[in-house]
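Mapping the sequence shown onto my numbering, position 33 (from 1) lands on 39, and the numbers just tick up by one.
Working notes, beginning with the structure itself.
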Amino acid sequence: MPDVSLKNVKAGLSGFADQADAGEFVTMTQHEKPAAVIVSLEAAEVAGKAVPEDGSNLVRYLRNFHLDADIDDDVFTRNSSPSREADL
Numbered sequence: 007m008p009d010v011s012l013k014n015v016k017a018g019l020s021g022f023a024d025q026a027d028a029g030e031f032v033t034m035t036q037h038e039k040p041a042a043v044i045v046s047l048e049a050a051e052v053a054g055k056a057v058p059e060d061g062s063n064l065v066r067y068l069r070n071f072h073l074d075a076d077i078d079d080d081v082f083t084r085n086s087s088p089s090r091e092a093d094l
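Given below as structure tokens:
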């Protein structure tokens, strides 16, 4: 995956688009730090399908997740016994 400055991308965008179309990822840098990636339309569509359309994220998923399992309530009961001694 070549790293290319934003200035050079502006100068040769069609060549970098050809590289992306061939399956190569082209990383654009700005101030010598990665800023964006040029990818093929196919790769962008695959990435887009991996992100839920409703904008949900892992935290929202876990909050709304309902486990249908037979688990005893005492599995999640806090252990109230004193902690062990630690030498600091």
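Ideal Cβ positions, reconstructed from N, Cα and C, are used throughout, including at glycine.
Can you tell me which of the three DSSP states residue i falls into?
i	result
aspartate 9	strand
alanine 174	Look at the range of the chain in this structure, 7 to 94, and you will see that residue 174 is not part of it.
valine 45	coil
valine 32	strand
alanine 75	coil
leucine 94	coil
asparagine 63	coil
Just to confirm my understanding: we take residue i, look at its own chain, exclude 5 residues before and 5 after, and list those with CB closer than 8 Å. What are they?
i	result
phenylalanine 31	Met7, Val43, Ile44, Val45 and Ala49
leucine 12	Met34, Thr35, Gln36 and Ala41
leucine 94	none
alanine 23	Ile44
Less than 6 Å between C-beta atoms, sequence neighbours within five positions excluded: which residues of the same chain meet that for residue i?
i	result
aspartate 9	Thr33 and Thr35
aspartate 27	Ser46
Bridge partners for residue i per DSSP, in chain order?
i	result
proline 40	Thr35
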